[in-house]
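Notes to accompany the following structure.
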Amino acid sequence: MQVTIDPLPSSIEHIKAGKLRALAVTTVARSDVLPDVPTVGDFVPGFEASAWYGVGAPRNMPSEIVDRLNKEINAALADPKLKGRLSDVGSIPTSMTPAEFGTFVADETEKWGKVIRAANIKAE
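With this note's numbering, letter number 20 in the sequence shown gets 28, and the count goes up by one each step, no holes.
Put into structure tokens, the structure is as follows:
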């Protein structure tokens, strides 16, 4: 038996072609592109792991530039054509303010830090 956990955008075409069988998704909710596939949380309550992408900038970047980048990125994510393409591959475009993204990154860092400490994972 071979099993992998892979981000949906890189595996969805293989799943749709029948080359891979999706057993579950790791997100909190079922995927719109695989509505019949359960979540891991259905079997392991509280489980959630999802890949995400974001744009970072140096700490001292002027706020005007950060705000402009944020505005343009959020506008792109709202574009129906891009939003549709991302949805087709199982991505969930999410717009955030710079502050919201900072909080999100801090929360993810804390969450996965706990996992790393609990599993006693060490860098090699």
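Beta carbons: idealized from backbone N, C-alpha and C, even for Gly.
Spatial distance of residue i from residue j (CA atoms)
i      : j      : result
Thr34  : Pro53  : 11 angstroms
Ile20  : Pro101 : 16 angstroms
Lys122 : Lys89  : 38 angstroms
Ile13  : Val113 : 22 angstroms
Reduced DSSP category for residue i - H, G, I as helix; E, B as strand; rest coil
i      : result
Thr111 : helix
Ser39  : strand
Thr117 : helix
Val74  : helix
Val123 : helix
Val11  : coil
Val48  : helix
Distance CB(residue i)-CB(residue j) smaller than 8 angstroms
i     : j     : result
Val48 : Ala32 : yes
Ser58 : Asn82 : no
Glu56 : Val36 : yes
Gly98 : Leu16 : yes
Lys79 : Leu85 : no
7 angstroms CB neighbourhood of residue i in its chain, flanking five on each side removed
i     : result
His22 : Leu28
Should the segment 96–116 be regarded as contacting the segment 61–79, the criterion being three or more beta carbon pairs within less than 8 angstroms? yes
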